[in-house]
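Structure record follows, encoded as structure tokens.
Number of protein chains: 2
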Amino acid sequence: MSYAGKKVLVTGGLGFIGSNLAIRLAEEGAEVVIVDSSVAGCGANLHNIAPVRDRVRLIPAAVCEMGSLGEALARTEVIFNLAGEISHTHSMEFPERDLQINAVAQLQFLLACRQYARGRRIVYAGTRQVYGAPEYLPVDESHPVNPIDFNGVHKAAATTYHLLMSRSGDLDAVVLRLTNVYGPRMALNIPCQGFLSNFLRRLLLGQTVEIYGDGNQLRDPMFVDDAVEAFLRAGEAQPLPARIYNVGGPEALSLAEVASLAVAAAGAPGPVYRPFPEHQKAIDIGSYYTDWTRIQRELGWVPQMRFAEGIRRTIEYYRRELPHYLASAADPTCDLPEHIGFRRRLRYHAL
Amino acid sequence: MSYAGKKVLVTGGLGFIGSNLAIRLAEEGAEVVIVDSSVAGCGANLHNIAPVRDRVRLIPAAVCEMGSLGEALARTEVIFNLAGEISHTHSMEFPERDLQINAVAQLQFLLACRQYARGRRIVYAGTRQVYGAPEYLPVDESHPVNPIDFNGVHKAAATTYHLLMSRSGDLDAVVLRLTNVYGPRMALNIPCQGFLSNFLRRLLLGQTVEIYGDGNQLRDPMFVDDAVEAFLRAGEAQPLPARIYNVGGPEALSLAEVASLAVAAAGAPGPVYRPFPEHQKAIDIGSYYTDWTRIQRELGWVPQMRFAEGIRRTIEYYRRELPHYLASAADPTCDLPEHIGFRRRLRYHAL
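Which chain is which? The protein sequence lines are A and B, in order.
Using this note's numbering, the letters of the first sequence map in sequence onto residues 8 to 358.
Using this note's numbering, the letters of the second sequence map in sequence onto residues 8 to 358.
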């Protein structure tokens, strides 16, 4: 790795993956600038960057507030673009909010990057969700893009923005299409962040883990350190062999197996099975696991952490840090800012 | 056809295809409401609906101005949704404008439709451009969606909005993916509306038709009456066999053949060949022609008009009506409204 002394910018750097990435970059000796507007519901938590708080610069701005970002962008050598809303379920209830955060703000950000950081490498946090329900398994990068929820539509649009601006030479983008990522610093106090966040919240609250349906759907959970490693490699690869990489975990596990391993790691009872809620069924994609052979072949990346060990470390982290993940949920509801088009109140789980 | 007495709404009804559709619907005896905000650069022309002006209701509003539309939507039985920006080239220069018109406004419109016209049939004017550069020919509906310009990204997003809201039962949508459409009422005074508009403008101005490159790329131009017929069938099909239909012309012709036929129909000299401009080359998709066997099989639609005859009728129309298509270009530049995010001046061809 050669990030020592490098000037990097991390959007969404107070969020789950972004903060883990920012910490690793700071530890490698990079000059880290974090841009994060702490949009309610997107997982930002100032405590996430506690280990490096005195070593990183934080710009509390939305990625589309170009005025605040020009000077920082101009100095940046590599941009890690992780700002966004990840919840598929929220996007179905608040599609305009998702459009604003994941497409409008992203386009504005990329236009600012073109202006202030023309030609620079940018690594975008894409998602497997753009593929929709897999036509075959494991899913490689040739799989058709066919999103089945608004979040997938807008993440697909932003992905293509990155690619179009790379074709024109305005930017030098890499898109990582991430599977379900878990690990320390996930938001636990926001509903609808996926089954892993949900399992963890229930375990840490002493509640029984619930599985919707039969739990036979396959997933390949990826530990956040593995995701971070993929970002680092994508940020420095020269020459860049491809612009899209699927990034996933080392094992295809059923949701029932994931739940059992998590429950065992926590020493908790369960899980129990519940009928699939209708609004979840509509956007369920069935089984998914990643063909990550392209990034293995071209960037030498392989996922290292098996789920049993990764979930053990995750639970250990939260048992130590839980108050910091309760604090931000002190108010069980939260008014989201008008300017991002999220006018209705979003109910939070009271931890 | 059974549109007599039916209450229909046509967005973009002052534009090229929209006005031809509105005229046909009015002639069939439908109660037609046109919604069109005459966004500069999108082809609206009040003269387009001259034949039925006293028989249709015109709401001069953007599709996202829900306040103006609720009452009209609530009465509507079938919605024909043709509002939008079609220029691929403009979208590369003004991506935020294209995003606003083709995705943001469309999402807002569909949310209004859900509220006021829940479950109603809506036929959306999609585009072949969402497929990008074809992987095979002719292009059927299974071809991957892989847009290579911002217009394609946003039209793909709006297409998926229609499909998602149909999955949830909020709407009953059909998407027609149209190839290059030509015929009476095309805007001739707006640059970058595609090669057919360009050929026609030059022919009518007595200028020589120009072809970029060797002119060997294939296209399947579709006469607007054929497009209108596809909309009518998609608007009334019960039950609806599929939600996406590719709609194209009866012949695959090279651009050189298209130019020669147009030139012959106009009795003009030419064409001449020019080098491909760089900014056009970047978003050129190579050859394209449509596999329209799905709509033939399921809705009984077949394109009727061969290009030689269609272009003859088109030229005849413009020779008669040309002043009305010059008038709107009296001012060679045009300030586009702030609220659609198009702040720069768009230069118009002075006819």
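Beta carbons are placed, not taken as given, at the ideal position from N, Cα and C, and that holds for glycine.
Inclusion of Gly77 of chain A and Ile197 of chain A in the CB contact set at 7 Å is not warranted, their separation being larger than that value. In the three-state reduction of the DSSP assignment, Lys288 of chain B falls in the helix class. Taking CB atoms only, Leu114 of chain A has a neighbour in chain B less than 7 Å away. Asn196 of chain B sits in coil when the DSSP states are folded into three classes, being neither helix nor strand. Residue state for Ala132 of chain A is assigned as strand, using DSSP reduced to three classes. Counting only runs of 3 or more residues that sit fully inside the stretch 249-328 of chain A, the beta strand (DSSP E) segments are 251-254 and 279-281, in chain order.
In chain B, no part has a C-beta under 7 Å from the C-beta of Phe206 of chain A; the shortest such distance is about 27 Å. Residue burial is scored here from C-beta neighbours: Asp221 of chain A has fewer than 16 other C-beta atoms within 10 angstroms and is therefore classed as exposed.
When Cβ-Cβ separations below 7 Å define contact, Thr167 of chain B makes contact with chain A. Excluding the 5 residues flanking it on each side, Met172 of chain A has same chain C-beta neighbours closer than 7 Å at Leu117, Arg121, Leu178 and Ala180, in chain order.
By the C-beta density criterion, Gly20 of chain B is buried, having at least 16 other C-beta atoms within 10 angstroms.
The criterion of a C-beta distance shorter than 7 Å is not satisfied by Val152 of chain A and Val130 of chain A.
The Cβ of Leu106 of chain B sits closer than 7 Å to at least one Cβ of chain A. None of the residues of the stretch 254-273 of chain B has a beta carbon lying less than 7 Å from any beta carbon of chain A. Between the stretch 10-29 of chain B and the stretch 85-95 of chain B there are three or more C-beta pairs closer than 8 Å, enough to call the two in contact. Under the three-state reduction of DSSP, Glu100 of chain B is assigned to helix.
Of the candidates B:Ser9, B:Arg60 and B:Lys288, B:Arg60 places its Cα closest to the Cα of Ala29 of chain B. Setting aside the 5 residues that flank it on each side, Tyr123 of chain B is surrounded in the same chain by Gly77, Leu80 and Ala81, each with a C-beta closer than 6 Å to its C-beta; the list follows chain order.
In the three-state reduction of the DSSP assignment, Tyr123 of chain A falls in the helix class. Runs of the beta strand (DSSP E) lying entirely within the stretch 36-108 of chain A and spanning at least 3 residues, in chain order: 38-42, 63-66 and 85-88. Here the alpha carbons of His150 of chain A and Gly139 of chain B stand approximately 16 Å from one another. Counting of Cβ neighbours within 10 angstroms places Val235 of chain A among the buried residues, the total reaching 16 or more. The secondary-structure analysis by DSSP pairs Lys14 of chain A across a beta bridge with A:Glu38. Each of A:Val265, A:Leu185, A:Leu247 and A:Leu65 was checked against the Cα of Phe206 of chain A, and the nearest Cα belongs to A:Val265. For Arg184 of chain B, the closest C-alpha among the options B:Pro330, B:Gly317, B:Thr321 and B:Asp298 is that of B:Asp298. Contact residues of the stretch 171-183 of chain A toward chain B are Leu171, Arg174 and Ser175 (C-beta to C-beta distance below 7 Å).
Within the stretch 151-162 of chain B, the residues whose Cβ lies closer than 9 Å to any Cβ of chain A are, in chain order, Pro151, Val152, Asn153, Pro154, Ile155, Asp156, Phe157, Gly159, Val160 and His161.
Between the stretch 202-218 of chain A and the stretch 244-252 of chain A, the count of C-beta pairs closer than 8 Å stays below three; the two stretches do not touch.
With respect to the 7 Å criterion, Asn109 of chain B and His169 of chain B are not classified as neighbours on the basis of their beta carbons. Contact check for Gln224 of chain B against Gly293 of chain B passes: the beta carbons are separated by less than 7 Å. Residues of chain A whose Cβ lies closer than 9 Å to the Cβ of Val111 of chain B are, in chain order, Glu103, Leu106, Gln107, Ala110 and Val111. In the structure shown, the three-state DSSP call for Glu243 of chain B is helix.
Of the residues assessed, His97 of chain B falls on the buried side of the cut-off, its CB having 16 or more other CB atoms within 10 angstroms.
Put simply, the backbone Cα of Glu92 of chain A is about 7 Å away from that of Asp105 of chain A. Leaving aside the five residues that flank Pro284 of chain A on each side, the residues in its chain whose CB is nearer than 8 Å to its CB run, in chain order, Tyr219.
With respect to the C-alpha of Val270 of chain A, the residue from A:Arg208, A:Asp227, A:Val146 and A:Ala241 having the closest C-alpha is A:Arg208.
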